[in-house]
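> Dropping a structure here in structure tokens format, bear with me for questions.
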Amino acid sequence: MLKIAVLISGRGSNMLRLAEAIDELRLDAEIVAVISNAVCAGVDIAAARGLPVQIIKRSSDDSRQNHDSAIAVAIDNSGADFVFLAGYMAILGRQFVEKYAGRLINIHPSLLPAYKGLNTHQRALDDKAIQHGATVHFVTTELDAGPIIDRKSTRLNSSHVR
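Written out as structure tokens, the structure is:
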């Protein structure tokens with residue numbers, strides 16, 4: 040059974056889908072840590088499910104490297120085999136990404152390589168994209184450019200365009 044740490048920053052919907060896949064035996068894994076950089080709805084969802092939660096905020100005088108190091112300590116202490124970025128809204132530094140190379144997975148809300156970065160849904164709508172979806176990929180030091188594990192898409196139609 041895989042042990043996974045999940046990094047979140049918001050609603051926790053991707054973390055919840057991972058937990059449900061585990062509950063439904065579609066994923067042979069255990070969530071051993073939920074780590075957030077903010078107090079958010081996802082933290083409440085994780086706590087309600089009895090998952091181990093840690094909030095590691097980045098203070099104004101804390102460097103990204105120090106913040107990344109604090110997250111790495113929490114991951115390592117959890118015994119996680121893999122780290123999932125599930126709506127984690129912060130860029131992790133090169134040292135962190137290299138430390139977890141091959142074990143760091145992002146759930147990105149677009150069909151990469153299209154719409155890297157933020158505001159992917161709005162940009163797809165603004166571009167009148169025909170297809171939109173999500174990509175699961177390995178994280179590398181280049182933003183949203185790691186090897187793709189899987190993608191799911193949906194066809195957009197005129198009802199999606201404002």
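In our numbering, the protein residues as written are 40 to 201. Note that CB positions come from ideal geometry on N, CA and C, so glycine has one too. Only a predicted model underlies this, so the values are computations on that prediction, with no experimental measurement involved.
1) DSSP state of LEU164, grouped into three classes?
2) On a Cα-Cα basis, can you pick out the residue from ALA80, ASP83, VAL112 that is closest to ILE95?
3) Nearest to ALA140 by CA position, among LEU90, GLU181, GLY156, is which residue?
4) State yes or no: is the C-beta of TYR127 nearer than 7 Å to some heavy atom of the ligand FAD?
5) In its own chain, which residues sit with a C-beta less than 6 Å from the C-beta of ALA125, not counting the 5 before and 5 after it?
6) By alpha-carbon positions, which one of ASN76, ARG88, SER75 ends up nearest to ARG56?
7) Of all the CB atoms in chain B, is at least one closer than 8 Å to the CB of ASP107?
8) Buried or exposed: THR193, going by 16 or more other Cβ atoms within 10 Å of its Cβ?
9) Suppose the cutoff is 8 Å on Cβ atoms and the five residues either side in sequence are ignored; what does the same chain contact list for ARG190 look like?
In short, the structure shows the following:
1) helix
2) Comparing Cα-Cα distances from ILE95 to each of ALA80, ASP83, VAL112, the minimum goes to VAL112.
3) GLU181
4) Because no ligand of any kind appears in the structure shown, any question about the ligand FAD cannot be addressed here.
5) Closer than 6 Å at Cβ, skipping near neighbours: VAL45, ILE47, ASN53, MET54, ILE146.
6) ARG88
7) Chain labels in this structure do not include chain B; a single protein chain is all it has.
8) exposed
9) LEU150, LEU151, GLY172, ALA173, THR174, VAL175
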